[in-house]
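For reference, the structure is listed below as structure tokens.
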Amino acid sequence: IKTVMFDKTGTITHGVPRVMRVLLLGDVATLPLRKVLAVVGTAEASSEHPLGVAVTKYFKE
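Counting in UniProt numbering, the sequence shown runs from 1 upward without gaps.
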């Protein structure tokens, strides 16, 4: 093996990540889910990263 490539952005594989469920753990679990979703959704709203886009899409639904 002379070359190994990793495709962490999905450029080659064109995977489409999506959020399946949200599970709150630790101290954040005491907060209302709606508030946590609003904060995370706002933080990722302008992201162009595939995972950020998946998070934003989930929270808009």
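Where a beta carbon is used, it is the ideal one built from N, C-alpha and C, also for glycine.
Through-space distance from threonine 30 to phenylalanine 59, alpha-carbon basis | So the alpha carbons of these two residues sit roughly 19 Å apart.
Nearest CA to the CA of lysine 57: which residue from Ala43, Lys35, Val19 and Val28?
-> It is Val19 whose Cα lies nearest to the Cα of lysine 57.
Use the C-beta contact count for residue 87: other C-beta atoms within 10 angstroms, 16 or more gives buried, fewer gives exposed.
-> Because the chain spans 1 through 61 in this model, residue 87 falls outside it and cannot be assessed.
Beta-carbon proximity list for valine 36, same chain, < 7 Å, skipping 5 on both sides | For valine 36, where only same-chain residues beyond five positions count, the Cβ hits under 7 Å are Leu24 and Val28.
Cβ-Cβ distance between glutamate 44 and glycine 52 below 7 Å | Remark: C-beta atoms of glutamate 44 and glycine 52 approach each other more closely than 7 Å.
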